[in-house]
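Asker: Chains as they are written, first to last, in my numbering: chain A, 1 to 310; chain B, 1 to 560.
We treat Cβ as the ideally placed atom computed from N, Cα and C, and that holds for glycine.
As the structure is a computational prediction, the values presented were derived from the model and not from experiment.
Dropping the structure in here first, questions after.
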Amino acid sequence: MLKYILKRLLIMIITLWVIITLTFVLMVNIPGSPFNTDQASNETVQANLEAHYNLDQPYYIQYLLYIKSIATFEFGPSIKQPNQTVNDLLSRGFPISFELGIITIALAVVSGVLVGIIAALRHNGFLDYLTMGIAVLGISIPNFILATILIQQLAVNLEIFPTATWRSPAHMVLPVLALATGPMAIIARLTRSTMLEVLTQDYIKMAKAKGLSPWKVVFKHALRNALMPVVTIMGTLFAGILTGTFVIEQIFAIPGMGRYFVESINQRDYPVIMGTTVFYSAFLIIMLFIVDIVYGILDPRIKVHQKGGK
Amino acid sequence: MSRKQLLWILMALLTAFILAACTAGEDAGEAPEDTDTAEGDNSGEEDDGAAAETPDLDGKTLYINNGQEPTSFDPSVGFDQVSWDPLNNLMEGLTRLDENSEAAEGVAESWDISEDGLTYTFHLREDANWSNGDPVVAEDFVFAWKHMLDPDTASPAAFLAYYIEGGEEYNSGEGSADDVNVTAVDDKTLEVVLIQPTGFFLDLLTNPAFFPINHQVAEETPDWYAEADTFVANGPFMLESWEHDSEMIFAKNPEYWDADAVNLDYVHFSMVNNSNTQYQMFQTGELDTASIPPEMSDELIDGDDVFIGESGGLEFYRFNITEEPFQNKKIRQAISYAINRADIADYVVKQGVEPAYGFVSPGFNTPDGRDFREENGDLVSFDPDLAQELLEEGMQEEGYDELPPIVLSYNTSDTNQAVAETIQDMLSENLGVDVTLENQEWNVFAEAQQNLELQFSRSSFLNDYADPVNFLESFTTDSYMNRTGFSSEEYDELIQNGKSETDEERRYEYLYEAERMLAEEMIATPIRYYNVVVLEAEGVEGILRHPVGYFDLKYADKAE
């Protein structure tokens, strides 16, 4: 097991290095500079700016500087917000994105799984059609539209919740709802379909025949197998939601880190691009690793430590 | 390790994870609450909280939106509106724009200008102080301006200080700080020598790039501008708190020399970067001012609570005169005459903008107090017949049977696309010329335009200071902003005179002529002027919004 984990760690580091290098190559090759402007400027000013951020150095030096900053976890100042370092931006934005994300995921998983089970148990019944109808809506309506509708109805018209910003628990309700609906619907549908499949299997019949209560059959025997596909999508879902979502954070003016992914690229803010890429990749890789281990716990037939050796 | 053990470990990890998240959450939730003043409904309660820290104030608070985190409050570095709008209320330069948007006394109570127009001697107010109680001294300006010109500061605004003797040399690394000719004669007297007479120098000094820096604080804490704790202000307000990416609270600055004129006790800045959200917050009373979301322009623009003002800026299209068919003046003119600017302003851009029939937007005063735009008249117009005629003549001159293909480029945005499509339509209808549209992401676009790779491309300009030369000098031969391939000795000379002529009337004559030449040569074709449109809640008044410059809350008031 330990050997397996060490091996995985090594692979993770190599993967990260490949990502970093690819990102650097891409950055160097996209046209544009962080200092492009429609406003008045001149050559000397531009040259001073480039020198200030080492952008006048040859590429291999820039690359080495990057690797150095990543190895020491010091990504340096943001070009577009020069009085703050990338570390400041991430350490301030991530806890907020994480907070929003963890509540969202908890809500999505718990309610999604429950709804999925209910729908499966009432297969082809009214509840099944109703919940799956709502789930289809939940998947089809983009969260930014849902967010706008929620604000207009619950904040502006009914004045139940505050419109935007991130201060109190009341401020969290609308963004969490807007963000959770999509994943909740996906999880509900996924749970329902695998649950239906599992419920027809022999060992469930066996369990029922033994005289176990329906409650026990569902939660102890069926659910464990039905959850496998849900766990599969959890890795990416976690990494995606916990590191912030650009659109929702922008609409609700939440000071998370979601925007840096998009804005840093638009603005060619190279240190921030690097910082967010490394952070996100590392997070995603770790999440996938955890998912692999959870597989083994849920389903003993999957041998975690043999998988890497194949 | 058994499965059960592993499960326990994972459970423990997850619990720790969630606990950590919750603690982080509490921190994140608590910090703003201390200074939370954003709920309009229960302002009484909130004011008590704020008043506890500053008991003298009764708590009249204006809630506005800055859109996003300021780039930097280092006056030399934050060269954009999101930094300089707030900074203009925290600090004050030697001069400050008054109610008529003219440069009036700021930190300087008077000044003398030498007869040759080169040496300015400023007398600073005895009662001008920093928010920490230090007096504002001449050395603070010397320090700030040399900081701006220091190549290591990499100030994007440094070129504004090239009018000062030795400024450009220091900034380009050829000279030294000591050669920059600005000196503190004594604590309250500042002397600065310019390279040439500059009629708009006093106006230039209202620009935040020329704000002073408390040199004692800056020497002790080089990044004094980064946090509220260390920030020292010398303007109508001071920085009470600053939660990055979330909010800022300004409090009235009791040390400000004109503090009696300031009505507000607090200004609360949100950072909401979504036009719908900030409008919805305006509807619920969480904000006192807001902009109009583009799609709601028709509905809201005629309301009583809408302020529409001029904003010194222009949207225009550049011709690349190094590429066919735009080496020909008549073809360029033909394109320009075929564009119906009134329709673009009224039906495409909307938001109450004005079509542009010249390059310099309205709102620039001539020496005799009139408007530059009115004085120089309309320089372009919509005339499809003339356009057709010019096109035929132009094609004949070049020997074209068929016009070479034209690509119209713009940087990706909804409004830009709508304008570009309209122009495409107008050229096809009025001129029978079919142009291809091409949109690019802003940075890719800007790079291509700079390298003269685009044929016919969109541009915009916002003035840094209230003088027409700011825009017109873009088109001199060696200007970084040229981007058209245009080069004319005559034009360069007009601009040179337009900067250095000491007789203001004559200086403006040069500028009129330069603008007319730009239109006659048709190097770029104007489309529309920028404006500023703001929704103001009932009872909000006195916010100064200058055509060029940054908004001023010094005289702002809000009825309770």
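Can you tell me the Cα-Cα spacing of H123(A) and L196(A), whole angstroms?
Answerer: Locating residue 123(A) in the first sequence gives position 123, counting from the first residue. Locating residue 196(A) in the first sequence gives position 196, counting from the first residue. If I take the Cα positions, the gap works out to 8 Å.
Asker: With distance defined between alpha-carbon atoms, name the residue in E538(B), F461(B) and A144(B) nearest to D305(B).
Answerer: As a working note, residue 305(B) is residue 305 in the second sequence. Minimum Cα distance to D305(B) is reached at E538(B).
Asker: Along chain A, which residues have their Cβ under 8 Å away from the Cβ of H147(B)?
Answerer: The count along the second sequence starts at 1 and reaches residue 147(B) at position 147. Ordered by position in chain A, no residue passes the 8 Å Cβ test against H147(B), which lies about 13 Å from the chain.
Asker: In the DSSP assignment, find the unbroken alpha helix (DSSP H) run with L314(B) in it and report its ends.
Answerer: Translated into positions along the second sequence, residue 314(B) becomes position 314. Membership of L314(B) in any alpha helix (DSSP H) is not indicated; the residue belongs instead to the beta strand (DSSP E) covering V306 to F319.
Asker: Tell me the rounded alpha-carbon separation between L2(A) and I286(A).
Answerer: What you label residue 2(A) is simply residue 2 of the first sequence in a count that begins at 1. What you label residue 286(A) is simply residue 286 of the first sequence in a count that begins at 1. Those two C-alpha atoms are separated by around 16 Å.
Asker: Name, in chain order, the residues that DSSP records as bridge partners for W224(B).
Answerer: Start at 1 with the first residue of the second sequence, and residue 224(B) comes out as number 224. DSSP, once it has assigned bridges, lists no residue as partnering W224(B).
Asker: So, is N276(B) buried or exposed, given that buried needs 16 or more other C-beta atoms within 10 angstroms?
Answerer: Counted from its first residue, the second sequence places residue 276(B) at position 276. Result: buried.
Asker: Would you say F143(B) reaches chain A, if we count a Cβ-Cβ gap shorter than 8 Å as a contact?
Answerer: As a position in the second sequence, residue 143(B) is number 143, starting the count at 1. Taking Cβ atoms only, chain A never reaches closer than 8 Å to F143(B), which makes this a no.
Asker: Which residues in chain A have a C-beta closer than 8 Å to the C-beta of H244(B)? List them in chain order.
Answerer: Within the second sequence, numbered from 1, the residue matching residue 244(B) stands at position 244. By Cβ distance, chain A contributes Q84, D88, R92 and P255.
Asker: Please look up how many angstroms separate the CB atoms of A466(B) and S101(B), rounded, as I've assumed it's under 8 Å.
Answerer: On the second sequence, residue 466(B) is found 466 positions in, with the first residue counted as 1. On the second sequence, residue 101(B) is found 101 positions in, with the first residue counted as 1. That belief holds up - the Cβ atoms of A466(B) and S101(B) are roughly 7 Å apart, short of 8 Å.
Asker: Can you tell which of D88(A), N87(A), Q46(A) and E249(A) has its C-alpha closest to the C-alpha of Y480(B)?
Answerer: As a first step, residue 480(B) is located in the second sequence; it is residue number 480 there, counting from the start. Nearest C-alpha to Y480(B): Q46(A).
Asker: Which residue comes first and which comes last in the beta strand (DSSP E) that contains V267(B)?
Answerer: Indexing the second sequence from 1 puts residue 267(B) at position 267. V267(B) -> beta strand (DSSP E) spans Y266 to S270.
Asker: Taking the beta carbon of Q252(B) as the centre, do at least 16 other beta carbons fall within 10 Å, making it buried, or is it exposed?
Answerer: Translated into positions along the second sequence, residue 252(B) becomes position 252. Per the sequence shown, the amino acid found at residue 252(B) is Lys instead of Gln. The residue in question, K252(B), is buried, as its Cβ has 16 or more Cβ neighbours within 10 Å.
Asker: Spell out whether any CB of chain A is found under 8 Å from the CB atom of P156(B).
Answerer: As a working mapping, residue 156(B) is identified with position 156 in the second sequence. Answer yes: the Cβ-Cβ gap between P156(B) and chain A drops below 8 Å somewhere.
Asker: Which one of D434(B), E473(B), S413(B) and G166(B) has the shortest CA to CA distance from F445(B)?
Answerer: Within the second sequence, numbered from 1, the residue matching residue 445(B) stands at position 445. Among D434(B), E473(B), S413(B) and G166(B), the Cα nearest to that of F445(B) belongs to S413(B).
Asker: Between M517(B), Q440(B) and F456(B), which lies nearest to E473(B) when the distance is taken from Cα to Cα?
Answerer: Translated into the one-based positions of the second sequence, residue 473(B) becomes position 473. Of M517(B), Q440(B) and F456(B), the residue nearest in Cα terms is M517(B).
Asker: Does the stretch 446-463 of chain B come within contact of the stretch 399-415 of chain B, defined as at least 3 CB pairs closer than 8 Å?
Answerer: yes
Asker: Would you say D116(B) faces chain A, with C-beta separation under 8 Å as the test?
Answerer: Walking along the second sequence from the start, residue 116(B) turns up at place 116. No, D116(B) does not count as interfacial toward chain A.
Asker: Are the stretch 232-248 of chain A and the stretch 247-261 of chain B in contact at 8 Å, needing three or more beta carbon pairs?
Answerer: Because the criterion of three Cβ pairs below 8 Å is not met, the stretch 232-248 of chain A and the stretch 247-261 of chain B do not touch.
Asker: Quick one: which residues of the stretch 129-155 of chain A get their C-beta closer than 8 Å to a C-beta of chain B? List them in chain order.
Answerer: T148, I151, Q152 and A155
Asker: Bridge partners for P468(B) per DSSP, in chain order?
Answerer: Within the second sequence, the letter at position 468 stands for residue 468(B). According to DSSP, P468(B) bridges with nothing at all.
Asker: Taking only beta carbons into account, state which residues of the stretch 39-64 of chain A come closer than 9 Å to chain B, listed in chain order.
Answerer: Q39, A40, S41, N42, E43, T44, V45, Q46, A47, N48, L49, E50, A51, H52 and Y53
Asker: What does L535(B) pair with, by DSSP beta-bridge criteria?
Answerer: Reading the second sequence from its first residue, position 535 is the one you call residue 535(B). A290(B) and V306(B), per the DSSP bridge assignment.
Asker: Rounded to whole angstroms, what's the CA-CA distance from K80(A) to I103(A)? Just pull it up for me.
Answerer: Here residue 80(A) is taken as the residue at index 80 of the first sequence, counted from 1. Here residue 103(A) is taken as the residue at index 103 of the first sequence, counted from 1. Straight-line Cα distance between these residues: approximately 31 Å.
Asker: Quick check on the DSSP output: the alpha helix (DSSP H) that includes E480(B) runs from which residue to which?
Answerer: By one-based count along the second sequence, residue 480(B) stands at place 480. Before going on, a small fix: residue 480(B) reads as Tyr here, not Glu. It is not in any alpha helix (DSSP H) - Y480(B) carries neither H nor E in the DSSP assignment.
Asker: Would T484(B) count as contacting chain A if we go by Cβ distances under 8 Å?
Answerer: As a working mapping, residue 484(B) is identified with position 484 in the second sequence. At a cut-off of 8 Å between beta carbons, T484(B) makes no contact with chain A.
Asker: Determine the direct distance from the alpha carbon of A158(B) to that of G303(B), and round the result to whole angstroms.
Answerer: Numbered from 1 along the second sequence, position 303 holds the residue referred to as residue 303(B). Numbered from 1 along the second sequence, position 158 holds the residue referred to as residue 158(B). In this structure, the straight-line span from the alpha carbon of G303(B) to that of A158(B) is close to 41 Å.
Asker: For D85(B), name the three-state secondary structure that DSSP assigns.
Answerer: Numbered from 1 along the second sequence, position 85 holds the residue referred to as residue 85(B). Note: D85(B) maps to helix in three-state DSSP.
Asker: Compute the Euclidean distance between the alpha carbons of N89(B) and R259(A), then round it to the nearest angstrom.
Answerer: For this step, residue 89(B) is matched to residue 89 along the second sequence. For this step, residue 259(A) is matched to residue 259 along the first sequence. Whole-angstrom Cα-Cα distance: 28 Å.
Asker: If we require 4 or more residues per run, which alpha helix (DSSP H) segments fall completely within the stretch 238-309 of chain A?
Answerer: 246-251, 258-266, 270-298 and 304-307
Asker: Starting from the N-terminal side, write out each stretch of the alpha helix (DSSP H) that is 4 residues or longer and does not extend beyond the stretch 115-172 of chain B.
Answerer: The stretch 115-172 of chain B contains these whole alpha helix (DSSP H) runs: 138-149 and 167-171.
Asker: What are the start and end residues of the beta strand (DSSP E) that includes T436(B)?
Answerer: Reading the second sequence from its first residue, position 436 is the one you call residue 436(B). Looking at the DSSP string, the run of the beta strand (DSSP E) that includes T436(B) is V435 to Q440.
Asker: Could you check how far apart the C-beta atoms of Y357(B) and S336(B) are, in whole angstroms? I think they sit under 8 Å.
Answerer: Residue 357(B) sits at position 357 when you count from the first residue of the second sequence. Residue 336(B) sits at position 336 when you count from the first residue of the second sequence. No, Y357(B) and S336(B) are not in contact; Cβ-Cβ is about 11 Å, not under 8 Å.
Asker: Checking the sheet assignment: what are the DSSP bridge partners for K252(B)?
Answerer: Sequence index remark: in the second sequence, residue 252(B) carries index 252 (1-based). BP columns for K252(B) point to F237(B).
Asker: Below 8 Å between beta carbons: does that hold for Y317(B) and I527(B)?
Answerer: Start at 1 with the first residue of the second sequence, and residue 317(B) comes out as number 317. Start at 1 with the first residue of the second sequence, and residue 527(B) comes out as number 527. Closer than 8 Å, so yes.
Asker: State the Cα-Cα distance for the pair F122(B) and G133(B), rounded to the nearest angstrom.
Answerer: In the second sequence, residue 122(B) corresponds to position 122, counting from 1. In the second sequence, residue 133(B) corresponds to position 133, counting from 1. Looking at the two C-alpha atoms, the distance is approximately 21 Å.
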